[in-house]
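Participant:
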Amino acid sequence: TADLAESYAEVHPVRVVRRPGKAGLASAVLAGFAQARGDILIVMDADLSHPPEAVPRLALAIEEGADLAVGSRYVAGGGTEDWPLRRRVVSRAACLLGNVLVPIRDCTSGFFAIRRSALDGVTLNPIGFKIGFEVMARARYKKAVEIPYVFRDRELGKSKFGRREVMQYLVQLGQVARDKVLRRAP
Numbered sequence: 001t002a003d004l005a006e007s008y009a010e011v012h013p014v015r016v017v018r019r020p021g022k023a024g025l026a027s028a029v030l031a032g033f034a035q036a037r038g039d040i041l042i043v044m045d046a047d048l049s050h051p052p053e054a055v056p057r058l059a060l061a062i063e064e065g066a067d068l069a070v071g072s073r074y075v076a077g078g079g080t081e082d083w084p085l086r087r088r089v090v091s092r093a094a095c096l097l098g099n100v101l102v103p104i105r106d107c108t109s110g111f112f113a114i115r116r117s118a119l120d121g122v123t124l125n126p127i128g129f130k131i132g133f134e135v136m137a138r139a140r141y142k143k144a145v146e147i148p149y150v151f152r153d154r155e156l157g158k159s160k161f162g163r164r165e166v167m168q169y170l171v172q173l174g175q176v177a178r179d180k181v182l183r184r185a186p
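The sequence shown: position 76 = 76 (the numbering used here), numbered continuously.
(1) Please list the terminal residues of the continuous alpha helix (DSSP H) segment that includes Glu134.
(2) What do you get for Gly173, buried or exposed, if any count of 16 or more other CB atoms within 10 angstroms of its CB means buried?
(3) If I measure Cβ to Cβ from Arg126 and keep anything under 6 Å in the same chain, skipping five residues before and after, which residues do I get?
(4) For Gly128, which three-state DSSP category applies?
(5) Measure the beta-carbon distance from Asp106 to Arg73 and round it to whole angstroms, keeping in mind my assumption that it falls under 8 Å.
(6) Out of Ser91, Pro103, Ser117, which has the shortest C-alpha to C-alpha gap to Tyr169?
(7) Does the region 82 to 100 touch the region 50 to 62, meaning 3 or more C-beta pairs lie closer than 8 Å?
(8) With a threshold of 7 Å on Cβ separation, who are the neighbours of Val16 within its own chain once the five nearest residues in sequence on each side are excluded?
(9) Could you tell me the distance, in whole angstroms, from the CA atom of Ala36 to the CA atom of Tyr149?
(10) If you run the structure through DSSP and keep just helix, strand and coil, what is Gly98?
(11) Please name the residue, chosen from Gly162, Arg152, Ile40, Val181, that lies closest to Asp47 on a Cα-to-Cα basis.
(12) Let me check understanding here. Comparing Cα to Cα, which of Met167, Lys130, Asp120, Gln175 lies closest to Ile40?
(13) Measuring alpha carbon to alpha carbon, tell me which of Gly71, Arg86, Arg178 ends up nearest Leu101.
Spelled out as structure tokens, the structure:
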């Protein structure tokens, strides 16, 4: 993947960050945030589950005043392609649980753009791969918008979704809830 990205970087204005021995989506995103130079940070899956053609709409939303723009499967015009019933139910249930803490319909989306300043002074402690939820729950944003997109299953490779990821998400929900309660306490 890094070699392919480097060949892309020869033609396009992107930088490739290699992290030998490091694993995990959340830590990769945090490393990308640390290396990024721009004011708009955009996160998407490299397996093309998130359509690259939607990236300009996320960036435009930030340029037009939003602090957070979330690619959403659960607003008009959004959706999923060919998901089995179990996956649709689990995804919706995860969003319903997360919506208690985060006012974004697709709070489990990993496709988003955020203004860098919304992360100033914010400590992110993601568990598992739900970096998007962590950002939505902890970033300091005033205006958030959801941009519709259709999620497509990866063409190559296998999804890492399973019981472990569900448990990690439940732990993450508990930590965010605890932190929100403690922050509001006198």
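Each residue gets a CB set at the ideal place from its N, CA and C atoms; glycine is no exception.
Facilitator: According to the data block:
(1) As a first step, residue 134 is located in the sequence shown; it is residue number 134 there, counting from the start. 131 to 138 is the span of the alpha helix (DSSP H), which, as asked, contains Glu134.
(2) What you label residue 173 is simply residue 173 of the sequence shown in a count that begins at 1. It should be noted that the sequence gives Leu, not Gly, for residue 173. Classification of Leu173: buried, given that the 10 Å Cβ count is 16 or more.
(3) For the purposes of this step, residue 126 is taken as the residue at position 126 of the sequence shown. Per the sequence shown, residue 126 should be read as Pro rather than Arg. If we look at Pro126 and ignore the five residues flanking it on each side, its Cβ neighbours are Ala26, Glu134.
(4) For the purposes of this step, residue 128 is taken as the residue at position 128 of the sequence shown. Correct three-state label for Gly128: coil.
(5) To locate residue 106, count along the sequence shown from 1; it is residue 106. To locate residue 73, count along the sequence shown from 1; it is residue 73. About 5 Å separates the two Cβ atoms, so the contact holds.
(6) Within the sequence shown, numbered from 1, the residue matching residue 169 stands at position 169. Of Ser91, Pro103, Ser117, the residue nearest in Cα terms is Ser91.
(7) no
(8) By one-based count along the sequence shown, residue 16 stands at place 16. Here the set comprises Ala2, Ala5, Glu6, Ala9.
(9) For this step, residue 36 is matched to residue 36 along the sequence shown. For this step, residue 149 is matched to residue 149 along the sequence shown. Computed Cα separation, rounded: 24 Å.
(10) For this step, residue 98 is matched to residue 98 along the sequence shown. Gly98: helix per DSSP, three-state reduction.
(11) Position 47 of the sequence shown, counting from 1, holds the residue named residue 47. Comparing Cα positions, the closest option is Arg152.
(12) Your numbering for residue 40 matches position 40 in the sequence shown. The option with the nearest alpha carbon to Ile40 is Asp120.
(13) Within the sequence shown, residue 101 is the residue found at index 101, counting from 1. Closest option to Leu101, Cα to Cα, is Arg178.
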